[in-house]
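What follows is a set of notes on a single structure, which appears directly below.
In mature numbering (1 follows the signal peptide of the UniProt record, and there is no 0), the protein residues as written are -22 to -1, 1 to 307.
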């Protein structure tokens, strides 16, 4: 089933899925993982490789079983050479653990590296590219945030994902989402088009998308790989991928953009400073760095100009009132 993502996205609203670029003719099968999972394996012709505890069945790809200390991943072997794309992920997280007794979650990757095991949901902490984290365990209990929590991060390999703080210091945005132990599968859509990253979720199986993340100024190169990974620790869950469907978005670019070598682009977000230069906001998003000297000077100058303008306006008003009062005597 194609679960379309509309062109126009409205903040925190439910959208009917009746408009899409992601129709059958734009489905990129070489980047899609679908039942009965043909082309999965270690042969030279395989389009998907898997590692660790991953188990491929006829109904799902289980990255980890509901057991402690497991890691698994599955990766597309074909690099993506699309400038604009949309990935639809159908997944299910379930297990015997009750409230706050489950973990750790799933990560969806678009990265330079593939099949690179590590400490971040079973994959590399210092990655190049984009990661979407579906985090089910609350590591930082001091943070005012409801879990499970979905967040995104763009990295150029210089900054590791901070598991202890649930990635709060480097995330681009996120949302809470009750996705565990549903009677149905859950869905998310990741759209990257003309420098804009949008993440939509459907956790109620009503064929409706709800916006989770929407941010511009994102730069991602072509030639990277899609993958999914998951991990368990002292707590566990079944982490299942049912499908990953990749669609090409038919978008026109300016001539100067078309002439770029998109494989050489450095992963970055121009609307934000480097994660190292930002401090965390309890809402889960970045806020600006502490005010530097020139920023303080500009603020004081603006405040002084405001006071002067208010004083002039006040003097003019007072003078007019005085002239009006004289006419009554």
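For glycine and all other residues, C-beta sits at the position ideal for the given N, C-alpha and C.
For residue j and residue i, the rounded distance between their alpha carbons
i           : j           : result
residue 79  : residue 116 : 10 Å
residue 181 : residue 114 : 14 Å
residue 34  : residue 210 : 18 Å
residue 281 : residue 294 : 20 Å
residue 89  : residue 200 : 10 Å
residue 221 : residue 239 : 31 Å
residue 101 : residue 236 : 32 Å
residue 309 : residue 67  : Outside the displayed span of the chain (-22 to 307) sits residue 309, for which this structure offers no information.
residue 32  : residue 39  : 7 Å
residue 98  : residue 286 : 55 Å
residue 12  : residue 37  : 9 Å
residue 179 : residue 155 : 9 Å
residue 70  : residue 83  : 10 Å
residue 135 : residue 104 : 5 Å
residue 309 : residue 159 : As displayed, the chain neither begins before -22 nor continues past 307, which places residue 309 out of reach and without an answer.
residue 137 : residue 108 : 13 Å
residue 170 : residue 62  : 6 Å
residue 241 : residue 288 : 54 Å
residue 157 : residue 72  : 9 Å
residue 173 : residue 131 : 14 Å
residue 5   : residue 76  : 38 Å
residue 128 : residue 297 : 60 Å
residue 244 : residue 106 : 9 Å
residue 86  : residue 204 : 7 Å
residue 57  : residue 142 : 32 Å
residue 22  : residue 208 : 25 Å
residue 314 : residue 147 : Because the chain in this structure spans residues -22 to 307, residue 314 falls outside the shown range and cannot be described.
Residue i, DSSP secondary structure in three states
i           : result
residue 186 : strand
residue 201 : coil
residue 241 : helix
residue 289 : helix
residue 379 : In the structure as shown, the chain begins at -22 and stops at 307. Residue 379 is therefore absent and cannot be evaluated.
residue 229 : coil
residue 284 : helix
residue 72  : strand
residue 234 : helix
residue 268 : With a pLDDT of 38 at residue 268, under the threshold of 50, the modelled position of this residue cannot be trusted; read the value that follows with caution. Coil at residue 268, not helix or strand.
residue 80  : coil
residue 106 : strand
residue 217 : strand
residue 116 : coil
residue 66  : strand
residue -16 : Here residue -16 scores only 37 on pLDDT, less than 50, and its place in the model should not be relied on; the value that follows carries that caveat. Of the three classes helix, strand and coil, the one that applies to residue -16 here is coil, per DSSP.
Distance cut-off 6 Å: residue i Cβ against heavy atoms of the ligand NAP
i           : result
residue 205 : As for the ligand NAP, it is missing from this structure, which has no ligand bound.
Buried versus exposed, by CB contacts within 10 Å (16 or more), residue i
i           : result
residue 227 : buried
residue 206 : buried
residue 64  : buried
residue 234 : exposed
residue 133 : buried
residue 46  : exposed
residue 291 : exposed
residue 122 : exposed
residue 231 : exposed
residue 74  : exposed
residue 216 : buried
residue 212 : exposed
residue 247 : buried
residue 124 : exposed
residue 41  : buried
residue 48  : buried
residue 126 : buried
residue 198 : buried
residue 81  : buried
Residue-level contact to chain C via CB, residue i, 7 Å cutoff
i           : result
residue 297 : No chain C is present in this structure, which holds just one protein chain.
List, from N- to C-terminal side, the beta strand (DSSP E) runs of 3 residues or more that fit wholly inside the region 11 to 64. 26 to 30, 39 to 42 and 49 to 54
Please give the ranges of any beta strand (DSSP E) in the region 125 to 175, keeping only runs that are unbroken, at least 3 residues long and fully inside the region. 127 to 134, 151 to 154 and 164 to 171
State whether the region 47 to 64 contacts the region 25 to 34, with contact taken as three or more CB pairs (one from each stretch) at a distance under 8 Å. yes
Three or more C-beta pairs below 8 Å linking the region 151 to 161 and the region 190 to 210: yes
How do the region 6 to 25 and the region 161 to 172 stand: do at least 3 beta-carbon pairs fall below 8 Å, yes or no? no
Do the region 93 to 112 and the region 220 to 239 make contact, defined as three or more Cβ pairs closer than 8 Å? no
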